[in-house]
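Here the protein sequences line up with chains A and B, keeping their order. Take the first sequence: its letter number 32 is residue 31 in numbering that gives the first Met the number 0, and every next letter is one higher. Take the second sequence: its letter number 38 is residue 37 in numbering that gives the first Met the number 0, and every next letter is one higher. Glycine included, C-beta positions come from ideal geometry on N, C-alpha and C. The structure presented is a predicted model; accordingly, all values stated were derived computationally and were not measured.
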Amino acid sequence: MEPTPSLDEIENILLHAIPGMLPQASGPITPDSDLQSLGLDSLVLLELIIFIEKKFGISLLDAPLNHQDLENIRSLSRHITRLLQA
Amino acid sequence: MNLSLPFSRNRRYLTGLDWLIGVLDCMTRQATGAGNSSQVILELEGRLDADQFRDALAGFTANFPALSGYPSRDGFNLAPFWKMNGRAVAPPCALTTLNGDNAGEESVALLGRFVNTPFSTRREHLAFHLVHAGASRSFLGMTFDHLLFDARGAELFLAEFNAWVNEPRPFSTALTRPVREPYLSCWKEKFLAGRSVNRALRNLASIKAGSFPIPEAAAGRRAFRYQFQQLNESESRAVTESAYATGGHLMRLPYLLALAVEAVDQVFSGRGLAPEHYVIPVSIDRRAARADSQSIFFNQFSFLHFVVSREALASRERLVKTMVSQMYDQTKSRLPEDFEKTMMLIRILPVGILASITRHLFGGNFGTFIFSCLGESAYRSPLFMGCPVTNLLHTPRVSTPPGIGVFVNEFGGRMNVTTAYLEGVLDDAEAAGISARFQPASRKPPGV
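The following block contains the structure:
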């Protein structure tokens with residue numbers, strides 16, 4: 000069984016994946032960039048959810064993400080860590 | 000192996016979706032006498048100077064040969080392309096002056112009529128209409144051929160024009176000559192995508208979806224009409240909050256689609272009908288997926304298809320959850336991407352033949368209505384040639400059948416809902432009822 004990734008590793012994975020999903024992200028995205036102002040909408044969110052489900056083997060559709068979870072990559076990584084540890 | 004052969008810089012090979020738009024254009028022309036064109040309207044404070052605008056437009060459009068192009072077909076590989084020869088001719092711009100207390104409403108109604116006027120030649124794809132409404136308001140309508148732009152592309156074109164007027168500059172060749180190779184490769188991938196799309200479309204075709212009868216064209220011509228609902232900032236915020244509370248954070252598209260389905264269901268109920276299913280094709284912008292958010296010309300969208308059963312209409316919450324779940328399933332199975340790839344395969348057939356095949360496959364029923372949620376406008380400047388922009392509206396002619404569409408766009412945090420319908424498909428009160436459903440004060444759960 001693969002070891003649970005650390006918070007830093009999750010942040011890194013998302014930092015590489017998310018820029019390709021966001022249309023208005025012209026500059027570099029940091030762990031603190033506001034995802035919604037970069038164009039995160041329902042369609043991109045579903046793509047992101049599917050990516051996270053595949054990558055980390057957790058289900059997010061039944062445990063919906065709230066505003067705080069989706070603020071930026073750091074908060075999303077924390078949420079994923081919590082789900083992985085549950 | 001991805002083989003790329005050299006091709007002329009005067010050609011922009013059309014994608015399968017561009018070709019699909021051509022098919023829808025052909026079907027709409029046969030049913031209504033005019034094609035699948037659309038219009039974006041800028042509502043301005045002050046009087047936009049018509050002569051100044053025409054001069055600037057002539058200077059700007061001369062940079063874009065694509066504007067006077069036309070579809071053609073490669074004799075060697077049979078792929079259709081957009082021929083871009085020579086300088087673009089400046090699009091026409093008519094001026095109308097209206098006075099009186101209702102000049103604003105009359106202006107929008109007038110522009111709604113302009114969009115129904117067919118383009119005069121095969122090389123004309125753009126026409127402007129400026130309306131001076133009293134002394135202090137103007138409405139600028141840009142009617143465009145859907146083969147040349149999609150709605151987001153039209154907004155980006157106006158934004159580019161305004162930026163150029165403020166600071167004239169040379170354009171990059173990538174912008175002025177949007178060439179594209181024919182993509183005659185990856186056949187296996189396209190055929191596999193085609194298999195999954197074929198399965199999905201056959202499933203859809205087997206559903207007997209509620210639809211409105213299309214009236215026989217009167218002397219070959221029928222016009223589209225429009226009913227608008229403009230929400231202010233706080234109303235728009237209230238709708239967004241309800242969407243997030245019902246469907247989950249950011250789930251605005253499924254919520255707005257649910258409102259549209261409820262509203263259309265009410266129209267059916269008003270006619271004493273209760274169809275078992277509704278099928279709704281929803282166009283989605285694919286610029287993000289191509290990492291090409293500024294692409295102006297041609298069509299950059301794909302489709303999701305939603306099926307709503309009567310049971311799902313039992314409560315709004317259930318309806319929204321159904322929408323979210325179907326959106327999730329289609330995104331996961333990569334249906335929008337597969338749809339794009341599959342459409343590349345159909346380009347070999349002429350649009351007239353494809354229109355007949357499509358009609359045969361779906362038995363003339365192409366869903367209940369078309370829905371699109373454009374989100375915040377790509378036209379971001381508060382000014383247009385010095386005039387403050389107060390709103391931006393879209394008045395599309397909807398592909399027919401189904402001849403009815405519900406469109407949501409946003410400008411400056413304010414939502415606009417437009418119900419577009421072919422004359423005779425709905426009456427004005429029914430269409431106004433659909434748009435009004437989005438007003439928070441009049442939002443009611445089904446059955447109330």
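Item: What does residue 69 of chain B touch in chain A if you count any residue whose Cβ is under 7 angstroms from its own?; Value: Neighbours of residue 69 of chain B on chain A: none; closest Cβ ~30 angstroms, over 7 angstroms.
Item: If distances are taken between C-alpha atoms only, which option among B/166, B/304, B/161 and B/215 comes closest to residue 424 of chain B?; Value: B/215
Item: Can you give me the C-alpha to C-alpha distance between residue 435 of chain B and residue 195 of chain B, rounded to a whole angstrom?; Value: 38 angstroms
Item: What first and last residue would you give for the beta strand (DSSP E) that runs through residue 25 of chain B?; Value: No beta strand (DSSP E) holds residue 25 of chain B; the alpha helix (DSSP H) holding it covers 15–31.
Item: If you measure beta-carbon to beta-carbon, which residues of the stretch 23–49 of chain A are closer than 8 angstroms to chain B?; Value: 23, 35, 38, 39, 40, 41, 42, 43, 44, 45, 46, 48 and 49
Item: If the cut is a Cβ gap below 7 angstroms, which residues of chain A does residue 331 of chain B touch?; Value: 49
Item: For residue 370 of chain B and residue 391 of chain B, which I take to be in contact (beta-carbon distance under 8 angstroms), what is that distance rounded to the nearest angstrom?; Value: So it is not a contact: roughly 19 angstroms between Cβ atoms.
Item: Looking at chain A, is there any beta carbon in it that lies within less than 8 angstroms of the beta carbon of residue 11 of chain B?; Value: no
Item: Counting only Cβ pairs nearer than 9 angstroms, list the residues of chain A close to residue 345 of chain B.; Value: Result: empty, since nearest Cβ-Cβ is about 25 angstroms, beyond 9 angstroms.
Item: Against chain A, which members of the stretch 240–264 of chain B pass a CB distance test of less than 7 angstroms?; Value: 247, 248, 249, 250, 251, 252 and 253
Item: What does a CB cutoff of less than 6 angstroms around residue 30 of chain A pick up in its chain, not counting 5 residues either side in sequence?; Value: 10, 72 and 73
Item: Tell me whether residue 66 of chain A is buried or exposed, calling it buried when 16 or more other Cβ atoms sit within 10 Å of its Cβ.; Value: exposed
Item: Under DSSP, the beta strand (DSSP E) around residue 131 of chain B begins and ends at which residues?; Value: 125–132
Item: Within a Cβ cutoff of 8 angstroms, which residues of the same chain sit near residue 125 of chain B, ignoring the five residues on either side of it in sequence?; Value: 60, 66, 90, 141, 142, 143, 144 and 147
Item: Return no unless some Cβ of chain A is closer than 8 angstroms to the Cβ of residue 385 of chain B.; Value: no
Item: Rounded to whole angstroms, what's the CA-CA distance from residue 235 of chain B to residue 422 of chain B? Just pull it up for me.; Value: 29 angstroms
Item: To the nearest angstrom, report how far apart residue 444 of chain B and residue 253 of chain B are at their CA atoms.; Value: Only weak support is given to the placement of residue 444 of chain B: the predicted model assigns it a pLDDT of 48, under 50, and the value that follows is read from those uncertain coordinates. Taking the straight line from one Cα to the other gives about 15 angstroms.
Item: State the DSSP-derived secondary structure class of residue 369 of chain B, mapped to helix, strand or coil.; Value: strand
Item: If I follow the unbroken alpha helix (DSSP H) through residue 448 of chain B, where does it start and stop?; Value: Residue 448 of chain B falls outside the range modelled here, since chain B spans only 0 to 447, and no answer is possible.
Item: Ignoring anything shorter than 4 residues or poking outside the stretch 16–59 of chain A, list the alpha helix (DSSP H) runs there in chain order.; Value: 41–55
Item: For residue 27 of chain B, collect the residues of the same chain with a Cβ closer than 7 angstroms to its Cβ; drop the 5 residues on either side in sequence, then sort them by chain order.; Value: 34, 35, 396, 398 and 399
Item: What number of angstroms, rounded off, separates the C-alpha of residue 263 of chain B from the C-alpha of residue 355 of chain B?; Value: 28 angstroms
Item: With DSSP as the reference, label residue 70 of chain A as helix, strand or coil.; Value: coil
Item: Using a beta-carbon distance cut-off of less than 8 angstroms, what residues from the stretch 349–380 of chain B approach chain A?; Value: 374
Item: Measuring alpha carbon to alpha carbon, tell me which residue in B/136, B/152, B/49 and B/432 is nearest residue 266 of chain B.; Value: B/432
Item: Hey, does residue 327 of chain B have any beta-carbon neighbour from chain A nearer than 8 angstroms?; Value: yes
Item: What are the partner residues of residue 284 of chain B, as DSSP defines its beta bridges?; Value: B/300
Item: Smallest Cα separation from residue 269 of chain B: which of B/229, B/323 and B/426?; Value: B/426
Item: With 8 angstroms as the threshold, decide whether the Cβ of residue 15 of chain A is near any Cβ in chain B.; Value: no
Item: Under a CB-based cut-off of 8 angstroms, is residue 283 of chain B close to chain A?; Value: yes
Item: With residue 57 of chain B as the anchor, note down where its beta strand (DSSP E) starts and where it stops.; Value: Residue 57 of chain B -> not in any beta strand (DSSP E); alpha helix (DSSP H) instead, spanning 49–60.
Item: Suppose the cutoff is 6 angstroms on Cβ atoms and the five residues either side in sequence are ignored; what does the same chain contact list for residue 340 of chain B look like?; Value: 189 and 192
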